[in-house]
Structure formats: C-alpha cells, structure tokens
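Have a look at the structure below, then the notes.
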Amino acid sequence: MTDAPDDSSGGISDARLPLRFQPELSEREFYFIGNIVAQWGFLEHEIFSQTVLCFADGSQPPKELHELQFTKILTLWESYVVSAATGDRKAILQQQLVKIRHYKDFRDALIHGMWDYDKSAPEQITTTRARKKQLITVRFTAYQLQEFAAEMSKINAAIQFPGGFEEYAAMRAEQGSFMSRRWIAMMSGNPVIEQLFPEPPLSPPSMLGK
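Once you know that position 13 of the sequence shown is -5 in the working numbering, the rest is easy, because the numbers rise by one and skip nothing.
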C-alpha cells in the first residue's frame, strides 16, 4: 500500500488538528457491514470457481465467464452446476440460488447506496441508490444487518458443502490437519488474536424476509 499524499501544505486539514470524517455508524453496524461484504466476496469467488471447474476438460467456456459480471456468472452457475446436480444436493443448491438472488438487492443497497440515517428513527440507517429511472431506498437496523450476515454465512456453507457436515468432514479428512487463523494466532501468541474475537450472538428475526 502506498502512502497517502501529504496534505500538510494546505487543503481542508490543519497540521495541528487534521479534519476527519466519521460516518455515524455504531461499532455493531460497522462490524456486520464488514462481515456482509467479506461473506459476499467469498460467495462470488466460490460460485465463479465452481463454474470454471465445469470447463476443466478443455471445453470452451462461454464469453460471459470472462466478463466477471456476477449476475451473468450466477446464471452460468445455475446452468452448469445447479442443473447438473441431483437429488438432495440439487434441491439445496436451488434453495441457495433463490436466496442469493433475494439478498443481492440488499447487498447492492449496502455497497452501491448513498448512506444516511433516519432522523425520525435514529435506530435505522438508510441507503439510497438509483437503478435505471427508479430511486431505491432501503432501511437497516443493526439486528437486520446481523441476520443478513448470519444468512450469508449459511448460504456460503451450503454452496460449498451441499452434502452438509458429512461432506465437510470428508473434505477435512482428505486435506489432513487444519488450523484456523484464530488457532494459529493463539498458539503463536500473535497479537492479532485480540481482534479475532468470537462472533456476536444471533439476533431475533428481522424484517428482511426469506
């Protein structure tokens, strides 16, 4: 990472007291927004990787796979991965596909929206964005962000291991020993362990819907 430009020569900051902007978000809101962003990034990577593997035999992949547009890759995943699955595995992947398409609007609201808070209801944060000729405003509470993060965690687990815990255990057995980042930090005494705290407890149901 390169150093930021030196603003000591002028501009909006003062050498004695730099002017900094602070978004009016709680630590809880910051935590779950970051969690959602990370979970969605993993989701896109996993769906892309599974789709690419369908062409490991040397067959020519569709041009949409090279464009890296998630909605197009998700359609390819449906055609080449979900449709090729069978039995319970297929049913589970189809359920996740429905959820992903549902939650994408909420993810886009968080990532692409203009942030504010509701002055008449300060427990809510709002995001507003334009899509074509439509202005879309979405409101979130910290509890709804928490549930969104929890749902993303479940979806990611299901698309990677649609066979459930048995498939996960089989993969771990094949890979051999495994140490999580938290365990490595704890055993080595790395100070990052102070930041790798347990996830907060799950919240009551929200109004995000299913």
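The beta carbon of each residue, even a glycine, is placed where N, CA and C say it ideally should be. Predicted model, so just to flag it, every value in this text is computed and none were measured.
Problem - DSSP bridge partner residues for TYR62 (one or two, in chain order) - result: Answer is none; TYR62 lacks a bridge partner.
Exercise for the section: Name the residue from GLN126, ARG154, ILE166, SER159 whose alpha carbon lies nearest to the alpha carbon of TYR13. Expected result: GLN126
Exercise for the section: Use the C-beta contact count for MET161: other C-beta atoms within 10 angstroms, 16 or more gives buried, fewer gives exposed. Expected result: exposed
Exercise for the section: Please state whether DSSP places MET96 in a helix, a strand or coil. Expected result: strand
Handout entry: 8 Å Cβ cutoff met for HIS84 and ARG111
Key = no
Problem - Range covered by the beta strand (DSSP E) that runs through VAL120 - result: 116 to 122
Practice task
Taking 8 Å as the threshold, find out whether the segment 117 to 124 comes into contact with the segment 142 to 152 through three or more Cβ pairs.
Solution key: no
Problem - ILE166 burial status per 10 Å Cβ neighbour count (16 or more: buried) - result: exposed
Exercise for the section: Answer yes or no: do THR33 and LEU50 have a C-beta to C-beta separation smaller than 8 Å? Expected result: no
Practice task
Please confirm whether ILE82 and ILE18 have their CB atoms less than 8 Å apart.
Solution key: no
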